[in-house]
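The next block holds one structure in the form of structure tokens; read it before the comments.
Chains as they are written, first to last, in my numbering: chain A, 1 to 132; chain B, 1001 to 1116.
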């Protein structure tokens, strides 16, 4: 008697079947870069606590070609994160009504992206203002 | 019914994702690109003295802590789901590595900031 071997469809590469899944995967994979960037900053804080020589080592490490290239990639990924975060926001937040009318998804996305542009520019210029 | 702990993780995921979406690109431009490449900012913008002064300020401490910890929890939640999507179904192990990693990072950054 042979054991049953029912057909099970393979799930390999499931996310490549559909453009929607590919976008989903691109969005989720940004998390790896968010984690790596947070770890770089975490090292910076630890080095800062260890003293000037340690912190200068970290600062110098940021200027190495690999770290420069890494941060250029991280910047691209973060911009994609901002765009995708507000693109899915109409679906992740509770439905909003203003004056009895449902707020349109496109408006939520564009408002979010506009807020991100304003907040990012504010951070860039506040830091510039602190150390002119 | 046992209460789910999912809302706690989801809210930290959401807060981290929102913070990253709003100011993430600016932070990467400053710490990873402009200062290391020597563009736009004064050369001493991220000097030891300046960063120490920033981290000595309570608002600075809270800001650094929020960025590092929330980014880690945001990423941990997504990576846990990502592993599930790729067929890693050892739920306890996945949670230990992802949420555990974020927890360890949170403790380290809190300890370093309090020691400053």
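Beta carbons are placed, not taken as given, at the ideal position from N, Cα and C, and that holds for glycine.
Who are the neighbours of residue 986 of chain B on chain A, taking C-beta pairs under 8 angstroms? Residue 986 of chain B cannot be examined here, being either before or after the span of chain B that is shown, 1001 to 1116.
Measuring CA to CA, which of A/104, A/98, A/73, A/99 is closest to residue 87 of chain A? A/104
Spatial neighbours of residue 81 of chain A within its chain, please: C-beta separation below 6 angstroms, excluding the five flanking residues on both sides. 30
So, with DSSP's three-state summary, where would you put residue 8 of chain A? coil
Would residue 1116 of chain B and residue 49 of chain A qualify as a contact pair, given that the criterion is a beta-carbon distance under 7 angstroms? yes
Using the beta-carbon of each residue, which ones in chain B are nearer than 7 angstroms to residue 11 of chain A? 1087
Counting only Cβ-Cβ distances shorter than 7 angstroms, please list the residues of the region 1046 to 1074 of chain B near chain A, keeping chain order. 1046, 1048, 1050, 1051, 1052, 1055, 1064, 1067, 1068, 1071, 1072, 1074
For a test of the three-state rule: what should DSSP assign to residue 1003 of chain B, helix, strand or coil? coil
Contact with chain B by residue 107 of chain A, beta-carbon distance below 7 angstroms: no
Which runs of the alpha helix (DSSP H) spanning at least 4 residues fall entirely within the region 44 to 70 of chain A, listed in chain order? 52 to 62
So, are the CB atoms of residue 1022 of chain B and residue 1070 of chain B less than 7 angstroms apart? no
According to DSSP, is residue 1088 of chain B helix, strand or coil? coil
With distances taken from CA atoms, which of B/1052, B/1107, B/1109, B/1076 is nearest residue 1096 of chain B? B/1076
When you compare only the Cα positions, how much space is there between residue 1012 of chain B and residue 130 of chain A? 30 angstroms
Residue 14 of chain A beta carbon less than 7 angstroms from that of residue 25 of chain A: no
Check whether the region 43 to 58 of chain A and the region 1078 to 1087 of chain B are in contact - that is, three or more C-beta pairs closer than 8 angstroms. no
Based on DSSP bridge pairs, tell me the residues matched to residue 97 of chain A. A/102
Taking the alpha carbon of residue 89 of chain A as the reference point, which residue from A/128, A/120, A/106 has its own alpha carbon closest? A/106
For residue 1019 of chain B, would you say it is in contact with chain A, using Cβ-to-Cβ distances shorter than 7 angstroms as the test? no
Taking residue 1108 of chain B as the query, report the chain A residues whose CB atoms sit under 7 angstroms from its CB, ordered along the chain. 42, 46
By Cβ distance, which residues of its chain are closer than 6 angstroms to residue 1054 of chain B, with the 5 residues on each side in sequence left out? 1060
Could you tell me whether any Cβ in chain A is nearer than 7 angstroms to the Cβ of residue 1042 of chain B? yes
Listing by chain order, which chain A residues have their CB less than 7 angstroms from the CB of residue 1026 of chain B? 120, 123, 124
Do we get a CB-CB distance below 7 angstroms when we pair residue 1030 of chain B with the residues of chain A? yes
Residue range of the alpha helix (DSSP H) that residue 1048 of chain B falls in? 1048 to 1056
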